[in-house]
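For reference, the structure is listed below as C-alpha cells.
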Amino acid sequence: LAKKDKDEQVLLAEDQAWMESSSDFDKEINANMVFMAQIEKVL
C-alpha cells in the first residue's frame, strides 16, 4: 500500500510539473476536458 501511495505522489508531482510548464492555452483545454468528463458522468 505504501508503494501505491508513493507511485501516486510521483504521478501527482509529474502532473503538477506538466501543468506548470504547459501554456495557459493547454491548461484551458485540459480544464475543459475535465469539465466535460464530469458533465458526462452526471448525464
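Numbering (this note's numbering), first residue to last: 7 to 49.
Positions of the beta carbon are idealized from the N, C-alpha and C atoms, including for glycine.
Inter-residue spacing [alpha-carbon to alpha-carbon] between residue i and residue j
| i | j | result |
| --- | --- | --- |
| Val48 | Asp21 | 25 Å |
| Glu26 | Ala8 | 27 Å |
| Lys12 | Ile35 | 28 Å |
| Phe41 | Lys33 | 12 Å |
| Leu17 | Met39 | 19 Å |
| Gln15 | Ala23 | 12 Å |
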